[in-house]
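For the sequence shown, my numbering assigns the number 32 to the initial residue and increments by one for each residue that follows.
All residues carry an ideal CB built from backbone N, CA and C; glycine is no exception.
Remember, it's a predicted structure, so these values are computed and weren't measured experimentally.
Only one structure is covered here, and it is reproduced in the block below.
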Amino acid sequence: MTDPHPLSRISPRYCGDSLADVLPGALAVLGVPGAVDRLGLSPRLAGVRRIAVLLVDGLGWYHLPVVARYAPTLAGLAATVGRPIVTGFPSTTPTSLVTLGTGAPPGRHGVLGFRVRVPGSDRVLSHVAWADDPDPLRWQPVPTQLELARAAGVATTVVSRPEFGGSGLTVAANRGGDFRGAADLDALAVEVLTALTAGSGPTLVSAYHPDLDRHGHLTGVDSELWRIAATELDGLLARLVDGLPADAALLVTADHGQLNIPVEHRFDLDTDPRLSAGLRLVAGEPRVRYLHVTPGAEADVVAAWSAVLGDAAQVTTRAEAVAAGWFGPVPEEHLGRIGDVVVVCRDTYVVVASVSESPMAARLVGYHGADTAAEMTVPLLTIRG
């Protein structure tokens, strides 16, 4: 069966072959009671007592043919022990990190986008600049897979950049693991392998690497800096694979893919009065916009955005998006985090906000967040020692 076209739309799924199934599958391998292995990891990983899960930010399944030119280790693993799985919606880092960490769909865990409205206010919360307000334990109420593993006697560790320790997003996604800061690739490899081999009992290590995504945003997929990041990632993987104990496994996955967006495919809601009319506030990100409207303006906003964007986007109401299952089931307390109107960009289009948001965000090269195959399909590599 061939992969769909990179720009074709795919439906998010949260029960089988999805990012939400990775950690529950790992817990099942480690013998955690009640854990369900929907990915079928157990037969391949029989006898494994230690698992490291590495999330590579921005490594889409559709990037693999490009990455292969600079990352022979990754290319070989993808060809032999790799398979595609699907992220949740929107296909953006905060949502995917918490989907991975909880094993739950976005509607349930509540981290429903890059930037969302705090219900009952005119405040927009950026999940990547989130400290302790709102309280992460209240904002994201679902127990993490690391908490469930630790309660079952599994040693649990999180390895990420030092500046992410204690952040709202880290608490929401990875509470329950001992945090170890790793400022560079060398430290990341050392900390993962040290945590993986520290004890004799069942062990789970969750690690995060951001560089490929960062260079994809700033200079684009297959840019010179992106290629360097791919080569460095390959070195990290080779080191981790070489260091795996005989009773260990390494799972490698990602939070989303990425698309390079031409300058001529950018709408600017801050410079087009047709797009700003009737809005109370705007959240989301350039590929998926959440529009919170003034009372009675929903139909007018849908009509105006549909007329301006045309085939470049799907413009729908929150009720329609939720009913279509984009987020999985959404409890009442999380509904207000989604816009009254949801705008999902098609093809290689974005809606930037050059004044009201960071000007840099309007000048990036790579973007993600929507429901194309290129953005929502990521690899899962299953490597045992």
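Problem set entry | Span of the beta strand (DSSP E), counted from its first residue to its last, around D209 | D209 to G212
Problem set entry | DSSP three-state assignment for L95, whether helix, strand or coil | helix
For this session: Check G71 in the structure and name its three-state DSSP category.
Result: coil
Problem set entry | Limits of the unbroken beta strand (DSSP E) element including R320 | V319 to V324
For this session: Determine which residues share a DSSP beta bridge with S157 and list them.
Result: R146
Problem set entry | 3-residue-minimum beta strand (DSSP E) runs that sit fully inside the stretch 334-392, ordered along the chain | 344-348, 372-376 and 381-383
Exercise. With distances taken from CA atoms, which of G71, P64 and S191 is nearest G47?
Worked result: G71
Exercise. What's the call for V67, buried or exposed, on a 16-neighbour Cβ count within 10 Å?
Worked result: exposed
Problem set entry | Minimum length 4: unbroken alpha helix (DSSP H) runs contained in the stretch 218-283 | 242-250 and 255-274
For this session: Return the first residue and the last residue of the alpha helix (DSSP H) that A203 is part of.
Result: G199 to N205
Problem set entry | Run of the alpha helix (DSSP H) containing G141, from where it starts to where it stops | G141 -> no alpha helix (DSSP H), and no H or E assigned at all.
Exercise. Any idea which residues DSSP pairs V84 with across the strands?
Worked result: S237 and L282
Exercise. Would DSSP call F298 helix, strand or coil?
Worked result: strand
Exercise. Who are the near neighbours of T228 in its chain, counting only those whose CB is closer than 7 Å to its CB and skipping five residues on each side?
Worked result: P276
Exercise. If you compare alpha carbons, which of P165, D217, A59 and G134 is closest to R148?
Worked result: P165
For this session: Put P172 into one of helix, strand or coil per three-state DSSP.
Result: Here P172 sits in coil by DSSP.
For this session: Return the CA-CA distance between L131 and A203, expressed in angstroms with no decimal places.
Result: 11 Å
Exercise. Does DSSP classify G184 as helix, strand or coil?
Worked result: coil
For this session: Please classify V129: does DSSP put it in a helix, a strand, or coil?
Result: V129 falls in the helix class under three-state DSSP.
For this session: Give a yes or no on contact between the stretch 235-250 and the stretch 219-227, applying the rule of three or more CB pairs nearer than 8 Å.
Result: yes
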